[in-house]
Amino acid sequence: MLLKDANQYDLYRFRRFRTRDFDVNDRQRSGMPRTSKADALKSLLDENSSQTRKGLAEQLGVDKATV
0 MLLKDANQYD LYRFRRFRTR DFDVNDRQRS GMPRTSKADA LKSLLDENSS QTRKGLAEQL
60 GVDKATV
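Just so you know, numbering that gives the first Met the number 0 puts 32 at position 33 of the sequence shown, and the rest follows in order with no gaps.
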């Protein structure tokens, strides 16, 4: 079978694909909650989805690795 050597994440994604689970929204999970920066980022992307990571980082005042 093709998935014989696949890593665990590939198997997870393939199973979701087979069940037609194409939802890309964040799911509830334990850990730190979303921050206001995440909401601001979503707003910026809703306004213009073709912005660069560097530009978004500058607008939010964070490092581009954070975006």
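By construction, the Cβ of each residue, glycine as well, lies at the ideal position given by its N, Cα and C atoms.
Which value, in whole angstroms, describes the spacing of the CA atoms of SER29 and LEU44?
-> Going by the C-alpha atoms only, they are around 26 Å apart.
Is ASP62 near the ligand FMN, with its Cβ less than 7 Å from a heavy atom?
-> Here there are no bound small molecules, and the ligand FMN is not part of this structure.
List in chain order: all unbroken alpha helix (DSSP H) runs of 4+ residues lying wholly within the region 25 to 62.
-> Listed in chain order, the complete alpha helix (DSSP H) runs (minimum 4 residues) inside the region 25 to 62 are 35 to 46 and 52 to 59.
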